[in-house]
Structures are given as structure tokens and as C-alpha cells.
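Enquirer: I'd like to ask some things about the structure below.
2 protein chains.
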Amino acid sequence: MPTARPGPNLSRIATSLGVSVATVSNALSGKGRVSEQLAERIREHAAELGYVPSQAARALRTGRSGVIGLVLPDIANPLFPKLAQAIEFAATSAGYGVLIADSRGNITAQTEAINRLVERGVEGLVIVPRRATRISAASCPVAVIDTASTPGNTVAADHWQGGRDIADHLAELGHKRILVIGNNPESNVQNDRVGGIRSGLRPDMHSSTLWIERLEREHGTGCTLGLAEKVREGYTAFAALSDLQALRALTELQRDGIAVPDMASVTGFDDLIFSPVITPGLTTVAMDMATIADIAISSLLKTIQTSGSREGMLVGADTDRVPMQLIIRQSSGPIAPGNGDPTKVDPAKRASQTETS
Amino acid sequence: MPTARPGPNLSRIATSLGVSVATVSNALSGKGRVSEQLAERIREHAAELGYVPSQAARALRTGRSGVIGLVLPDIANPLFPKLAQAIEFAATSAGYGVLIADSRGNITAQTEAINRLVERGVEGLVIVPRRATRISAASCPVAVIDTASTPGNTVAADHWQGGRDIADHLAELGHKRILVIGNNPESNVQNDRVGGIRSGLRPDMHSSTLWIERLEREHGTGCTLGLAEKVREGYTAFAALSDLQALRALTELQRDGIAVPDMASVTGFDDLIFSPVITPGLTTVAMDMATIADIAISSLLKTIQTSGSREGMLVGADTDRVPMQLIIRQSSGPIAPGNGDPTKVDPAKRASQTETS
DNA sequence: CTGAAAGCGCTTACAG
DNA sequence: CTGAAAGCGCTTACAG
Numbered sequence: 001m002p003t004a005r006p007g008p009n010l011s012r013i014a015t016s017l018g019v020s021v022a023t024v025s026n027a028l029s030g031k032g033r034v035s036e037q038l039a040e041r042i043r044e045h046a047a048e049l050g051y052v053p054s055q056a057a058r059a060l061r062t063g064r065s066g067v068i069g070l071v072l073p074d075i076a077n078p079l080f081p082k083l084a085q086a087i088e089f090a091a092t093s094a095g096y097g098v099l100i101a102d103s104r105g106n107i108t109a110q111t112e113a114i115n116r117l118v119e120r121g122v123e124g125l126v127i128v129p130r131r132a133t134r135i136s137a138a139s140c141p142v143a144v145i146d147t148a149s150t151p152g153n154t155v156a157a158d159h160w161q162g163g164r165d166i167a168d169h170l171a172e173l174g175h176k177r178i179l180v181i182g183n184n185p186e187s188n189v190q191n192d193r194v195g196g197i198r199s200g201l202r203p204d205m206h207s208s209t210l211w212i213e214r215l216e217r218e219h220g221t222g223c224t225l226g227l228a229e230k231v232r233e234g235y236t237a238f239a240a241l242s243d244l245q246a247l248r249a250l251t252e253l254q255r256d257g258i259a260v261p262d263m264a265s266v267t268g269f270d271d272l273i274f275s276p277v278i279t280p281g282l283t284t285v286a287m288d289m290a291t292i293a294d295i296a297i298s299s300l301l302k303t304i305q306t307s308g309s310r311e312g313m314l315v316g317a318d319t320d321r322v323p324m325q326l327i328i329r330q331s332s333g334p335i336a337p338g339n340g341d342p343t344k345v346d347p348a349k350r351a352s353q354t355e356t357s
Numbered sequence: 001m002p003t004a005r006p007g008p009n010l011s012r013i014a015t016s017l018g019v020s021v022a023t024v025s026n027a028l029s030g031k032g033r034v035s036e037q038l039a040e041r042i043r044e045h046a047a048e049l050g051y052v053p054s055q056a057a058r059a060l061r062t063g064r065s066g067v068i069g070l071v072l073p074d075i076a077n078p079l080f081p082k083l084a085q086a087i088e089f090a091a092t093s094a095g096y097g098v099l100i101a102d103s104r105g106n107i108t109a110q111t112e113a114i115n116r117l118v119e120r121g122v123e124g125l126v127i128v129p130r131r132a133t134r135i136s137a138a139s140c141p142v143a144v145i146d147t148a149s150t151p152g153n154t155v156a157a158d159h160w161q162g163g164r165d166i167a168d169h170l171a172e173l174g175h176k177r178i179l180v181i182g183n184n185p186e187s188n189v190q191n192d193r194v195g196g197i198r199s200g201l202r203p204d205m206h207s208s209t210l211w212i213e214r215l216e217r218e219h220g221t222g223c224t225l226g227l228a229e230k231v232r233e234g235y236t237a238f239a240a241l242s243d244l245q246a247l248r249a250l251t252e253l254q255r256d257g258i259a260v261p262d263m264a265s266v267t268g269f270d271d272l273i274f275s276p277v278i279t280p281g282l283t284t285v286a287m288d289m290a291t292i293a294d295i296a297i298s299s300l301l302k303t304i305q306t307s308g309s310r311e312g313m314l315v316g317a318d319t320d321r322v323p324m325q326l327i328i329r330q331s332s333g334p335i336a337p338g339n340g341d342p343t344k345v346d347p348a349k350r351a352s353q354t355e356t357s
């Protein structure tokens, strides 16, 4: 004998009201043509009894679970909270639940995570792929959130434009030598961001790039970035490709007695949780997570509604690029035009002082 | 006519193999007594066809959805990634899926989130309650993760002991005046942490507490904490109740030219993602998320298995206290015994210099 | 406007 | 060891 559910079901409501289950179902869903009077009585009674519809039965009958899956490369990623929150909100608003899976570790784990979700009957998947992973369509519609340069991508922040905004900002402040600080050159996102920065430099500006993972492979985790040395070499701006790296740069500079933003500027990406609260506040470029989530969810649902739900396909042929927004918190630059603050020291001079000490 | 699922089902496998669905079901689940030979053939054929069991049907039949819900006060909380990751891992290992819900905003949203998950048929709920919220049993088993001083709590890090560890550490470094920096005195967690710190102070040590939200209500968001002034008053250690506040303290001190850890120590709580990468690394106390998640999930599943799944009840009468672990990254303190480093300046002297400048 | 009935895909006693 | 059958709770054409 199948396990009985504790709560009331349609049949119980129907019997106690002397009507058929069909009518109760119709009244509650508002679909069938039930007299408003009866419908009202039914709704009332259902509420009284604390009726909760069985999603399982509904899913079995209709073939739709009302659930989508969210696969993340690493939930511990600091960007994740905002993304998950935005996706959860967009999905909930559309009446869907969100099942999460962490593809931590390797690509195998990612595949397993996808399979687990499919087995749980998700109608579609939102995937933030692991670095340099190509999602070959799973057995349900998939929306990929990564970067425009990822094949099959659905929606992404316009990382390139974000980079250009940073370059513009630094140019306006009068910086000439920029050190870009990234983590890993394999990342599509980080590459787009550097590309954008470089493309936005003025002819008289120069940049070079420091990849932290590479540095750490040589000198060990947590090694110094040698930023004070860079300041001595004439760099006045440090453009990190993520706020996490920006924070590392900022604290290292401060520790070495280099005043930020008076002697050097630091910028980041992503507007992570800590960026507004540190001193000085971090100038950064933020992804519009709400819009990204809305687009991902709505494209996904559109595909689900159109196709039979179990066909695997990637959603969205051309990546939707969502603008990133520059948030200026550290306003002063060393050579800012019209910057007449007398307490500010010429960075070149100060740098040479540091050098001789 | 009900919507047909695209994939193969038990019946299709049964027909094509000339056996009954019951036998296929038994073979695949390994429960029934099916000859190993036939079972093998069935498994093979099922794999060939790419059979994926219908969770909906299984759930309907057995009354168990195989899904639990995770309700978070604010997914954007920086602590969330680690928690969610740990919960997801523990649940997945036990064969359960995890549905997320964000009770962002107010208590109403929390209640709605809980209801949504219950309607989706979760078998149990892991809830991290909003500040000062008491979870009155929902209509399914609930495990609460908060702090031991929250009524009905199931499992928590031992925040009090973590505080005592911080106090011990600061005492050993020779600090006498400690400024505790918290965010909100309404938080049970933060209160436990302060309590622990105070209880661990030696008789010759003194502490006072700064609540940031209170300060900001008076002076505006992002106002200075006035820490340099505190250094001048003789405080040498800043014990924040979260790494986020520690970071704020650290950067403010650095900006004001106070060397950390030479002139002042800064400690935090939670070992957030950025804590190991900043300079100097942050000394902090970490929650053992894996253990906390394991306990939450296993108590929850135990209750689910015992009781009929729809009864509302809180899991775990006495809170399980999981030890927190001190992570020392900033080792030097201003008055550390045997600390003969000549480059180190007496904090009081340096502070007075700052004062006259 | 309302009801009887079929069927989604599975599991589980029960009979053979 | 294997199969026939009931039933989980719902929705949806269809008939009245």
C-alpha cells in the first residue's frame, strides 16, 4: 500500500463538500468553469483544512516539475551570493524552485552535478561553467552564464566594456602606467576584462599584467606581489581583475606605506561585499546581477515552454551582453587634472624617496 | 491526456524485454528477489536506453521527495557560500537534493520562503534564522543553525569558545586594552562572541565594545570608526566580531598610518574568503562548516526517517556545539613577551606622535 | 456548470 | 523467482 500523505488532498475536500475532485481541482486552479459561488466555498474549505497541493502528483501528471537547477563552479566563490540571490529571486517570481549543485573540483564533478539535477527532474539548468569548460547540451534546456567569448553562452556581463570603463576612469585621473593584476590567464572572464582595459588605454598610457597564480607557483602561496617595487618603477595605478585581487593589492600597498589613493590608485571588478566598507572604498565595476538573472531565467523558461522539456539544447544563440556599471569610490588620482590638493605628493617624487630608503 | 515524458520508462523497458514492470523496478532498485542474471540484463538495457527514473512518480508513490530546503537570511551574506557548499555536499552525499530560498528582508519573507519550500514538498528544512527570529515549527522537520542561545537551535559553532580563543591569543601577545568591534548588538551570534571574549580576558586586561550600526546611525554609513584615536587612547588590539568588520578596521588603521600588526593587532571571526589573502593575513576563528552541515543534515534525516514526514517539529533538543578553530596569521603583538624586534615602535610613543601631527 | 474516468510512472504487498 | 494489480494525488479531455 502506498504511503499516505498526512495532509488533506483534493479527494478529501471533494468528499467533505459533496462535489467531485475535478471540480475542486478546477476551482482551486481557476481553470475550469466553476460557478464563482462554489469556487469560493471550495477555496475557503481548502484553506481551512490547510490544503497543500502535492507537487509530486502535479509534476507526474503534467510532466513539469516546476524546478530548475543552478550549477555553480564553486559555491565558495565570493561572487556567488549575489548571483544565487538574483537567480533565486527571478525563478521564484516565475513560480519556479531552484535546486543547487556545486561542481566543485573538476569537470567530472560538473557533469555529475548536472546529471544529479536532471535525475531530480529539473526542467532546465542555469550553469556557470568551470573555467574553460564547454557545456555540451545536457538532456534539458541549458542557459550558460559566463562571458561572450564562451561558445554557447546565453548571457553575460559585458566584461570588455567594464574593462574599458576602468581604463577611461584611470585615463581621466591622469595615470600613465597601469599594472593589471589578474589571477589566472585561462579565465575567459578575466581575459575579456584585460582586453577591455587595454583597448581603452590612451596612446600615452602603458600597461603590463601580473598573473597571481603564476607568481605564486614560483614563489609560494601568499607571496608578496612586489607592488611597492612597481610604484618605484613608476606605476601609479593598479587595476585588478577582481575585487579580491584589488583588496590584496590595496592592503599590500598600505602595509608598505604607500598611501591610497594619494600615491596610487587601486581598482577592482565585481563590487564584492567588502568593497564599500574598506578604507579607502574600492572603485570597481559591478555586474548587474538582477538583469543577468532575469535574462537567463526568462530565456530558459521560454525554451522550456516551447520545446518538450527533455530535449537538450543551449538557450540563446547570441550572448546577451549586460552593461557593467562603474562605481567610483576612490576618486583622487595622482595626476588628476585640476587636482590642487597641496597635501598630495607627486607620486614620482615620493616613489623615488621610497626607493632610496 | 497526460503529457508523455520523452524518455523511456519502466514499462517501455519491461515490454521490450518481455518482463513485467515490477521485475524491472525490483531489478533496478535491487530490492526484490530477481535472479542476478535477469537483473543484469535489465540494468544493461536500461542503461542503453538512457533510462532516468521519474522522481515525481517515485515521490508520489513513496511520499518522499528526496529534497530538503535551505532557508538563508540573506544569501548575499559572505558566510553563506561556505555554508551552502557544506550543506549541499552533506545532503548530496545522503542522496538528497537541496532547494534554496532567500528570506531576504523581513520575517514575513522568511515565512513565505518556508511555505514555498513546504509546498514544493521538501521533507525537511535547514534554516539559518534571521536575527532574533524564533522558528515556530513549520509543517515539516526543521534543523536550525544559529547559536546555542537561540531557542530550538539544533547545531551551532561554539561562538563563545571562539571568543575565548581570541581573548587567550590576545592575552598571550600581551595586549591590555582591547576594542571589540561588532555590527549589531541584537545578533545572538555576535553577543555570544563578545561574551566569550570578555570571559577570556585576564584581570589586567580591559575591553570596550564599538557597535558599527549604532555609530553609522549617528554619523552616516561608511563613517570612520575613529580607530586611530583609540590607538592614541592606548588600545592595541581590535577584535572584530566578523572578518568583514576586521577588514574595515584593518584598512582604516593602515590608511591612518598605523602599522598592523606592529602597532596594533586586528582579529576577526569566520575566516572569510579574503582573510588569507590580505596583508597582513587576518588572524581569525573559523567555523567548522563541514561538521555543522553534517550534524544538521544527519539530525534532520534522522527525524524525517522516524516521524511521518509532514509533522512539524524542531530537530535536536540540545544544541550541538561545534568547536571553532583559531587561525593565527598575524603573529606579532605590540607587547609580545620576548619580542625584541628593534624596528618595532612602542605603540604608545608612536600613537602620541600621530596625535601631535 | 459539474462529474466520471483515464492515466502520468512508480513501488509494494500479494499471489503464483 | 516473477507477475498482476492497486494506488499515490493530480489534471484534463470528454460527456452530461
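Residue numbers (full-length UniProt numbering), protein chains in the order written: chain A, 1 to 357; chain B, 1 to 357. Glycine included, each C-beta is placed from N, C-alpha and C at the ideal position. Please read these numbers as outputs of a predicted model, since none were measured by experiment.
#1: Give, in chain order, every residue of the stretch 105-129 of chain A whose Cβ lies closer than 8 Å to some Cβ of chain B.
#2: Given this structure, state the Cα-to-Cα distance separating residue 152 of chain A from residue 144 of chain A, to the nearest angstrom.
#3: For the alpha helix (DSSP H) containing residue 330 of chain B, list its first residue and its last residue.
#4: With the cut-off set at 8 Å, would you say residue 213 of chain B and residue 183 of chain B are in Cβ contact?
#5: Specify the secondary structure class of residue 177 of chain A as computed by DSSP and reduced to three states.
#6: If we ignore side chains and look at the alpha-carbon of each, how far apart do residue 323 of chain A and residue 288 of chain A end up?
#7: For the UniProt domain "HTH lacI-type" (8-62) of chain A, list every residue whose C-beta sits within 9 Å of some C-beta in chain B, in sequence order.
#8: So with CB distances below 7 Å, who are the chain B contacts of residue 255 of chain A?
#9: State the DSSP-derived secondary structure class of residue 124 of chain B, mapped to helix, strand or coil.
#10: Which residues of the stretch 172-184 of chain B have a Cβ closer than 9 Å to any Cβ of chain A? Give them in chain order.
#11: Are the C-beta atoms of residue 261 of chain A and some chain B residue less than 8 Å apart?
#12: Within 10 Å of its beta-carbon, does residue 106 of chain B have 16 or more other beta-carbons around it, so buried, or fewer, so exposed?
#13: Quick check on residue 10 of chain B: buried or exposed, where buried means 16 or more other Cβ atoms within 10 Å of its Cβ?
#14: If we count the other Cβ atoms within 10 Å of its Cβ and call it buried at 16 or more, is residue 140 of chain B buried or exposed?
#15: So, are the CB atoms of residue 285 of chain B and residue 303 of chain B less than 8 Å apart?
#16: Give me, in chain order, the residues of the same chain whose beta-carbon lies closer than 6 Å to that of residue 235 of chain A; leave out the 5 immediate sequence neighbours on both sides.
#17: Where does residue 19 of chain B fall in DSSP's three states?
#18: From the beta carbon of residue 248 of chain B, is the nearest beta carbon of chain A less than 8 Å away?
#19: Is residue 200 of chain B buried or exposed, if buried means 16 or more other CB atoms sit within 10 Å of its CB?
#20: Would residue 85 of chain B pass as an interface residue toward chain A - the criterion being a Cβ-Cβ separation below 8 Å?
#21: Within 8 Å (strictly less), CB to CB, does residue 274 of chain A reach chain B?
#22: Comparing alpha-carbon positions, which option in A:292, A:245 and A:297 lies nearest residue 274 of chain B?
#23: Drop a sphere of 10 angstroms on the beta-carbon of residue 432 of chain B, count the other beta-carbons inside from all chains shown, and report buried for 16 or more, exposed for fewer.
#24: Check whether the Cβ atoms of residue 249 of chain B and residue 181 of chain B sit closer than 8 Å, and answer yes or no.
#25: Could you check if residue 35 of chain B is buried or exposed, using at least 16 other CB atoms within 10 Å of its CB as the buried criterion?
#26: Taking only runs of the alpha helix (DSSP H) that begin and end inside the stretch 49-89 of chain A, which ones reach a length of at least 4 residues, in chain order?
#27: Indicate the three-state DSSP secondary structure (helix, strand or coil) for residue 164 of chain B in the structure shown.
#28: Could you work out which residue in A:67, A:65, A:104 and A:242 is closest to residue 82 of chain B when comparing CA atoms only?
#29: Using C-beta distances below 7 Å, list every residue in its chain close to residue 122 of chain B, excluding the 5 sequence neighbours before and after it, in chain order.
#30: Which one of B:166, B:129 and B:92 has the shortest CA to CA distance from residue 328 of chain B?
#31: When you compare only the Cα positions, how much space is there between residue 276 of chain A and residue 242 of chain B?
#32: Do you know how far the Cα of residue 193 of chain B is from the Cα of residue 161 of chain B?
#33: With a threshold of 7 Å, establish whether the CB of residue 295 of chain B neighbours any heavy atom of the ligand HEM.
#34: Taking a cut of 8 Å between CB atoms, which residues from the stretch 87-103 of chain A lie near chain B?
#35: From this set, B:119, B:31 and B:55, which residue's C-alpha is nearest residue 50 of chain A's C-alpha?
#36: For residue 240 of chain B, does the three-state DSSP call read helix, strand or coil?
Expert: Considering the structure as presented:
#1: 116, 117, 118, 119, 120 and 121
#2: 7 Å
#3: Taken as a continuous stretch (DSSP letters only), residue 330 of chain B belongs to no alpha helix (DSSP H), as it is neither H nor E.
#4: yes
#5: strand
#6: 7 Å
#7: 50, 52, 53, 54, 55, 56, 57, 58, 59, 60, 61 and 62
#8: 254, 279 and 280
#9: strand
#10: none
#11: no
#12: exposed
#13: buried
#14: buried
#15: no
#16: 177 and 179
#17: coil
#18: yes
#19: buried
#20: yes
#21: yes
#22: A:245
#23: This structure does not reach residue 432 of chain B, given that chain B is present from 1 up to 357, and the question cannot be answered.
#24: yes
#25: exposed
#26: 55-62
#27: helix
#28: A:104
#29: 65, 67, 68, 69, 99 and 140
#30: B:166
#31: 16 Å
#32: 8 Å
#33: No copy of the ligand HEM appears in this structure; indeed no ligand is present at all.
#34: 88, 89, 92, 97, 98, 99, 100, 101 and 102
#35: B:119
#36: strand
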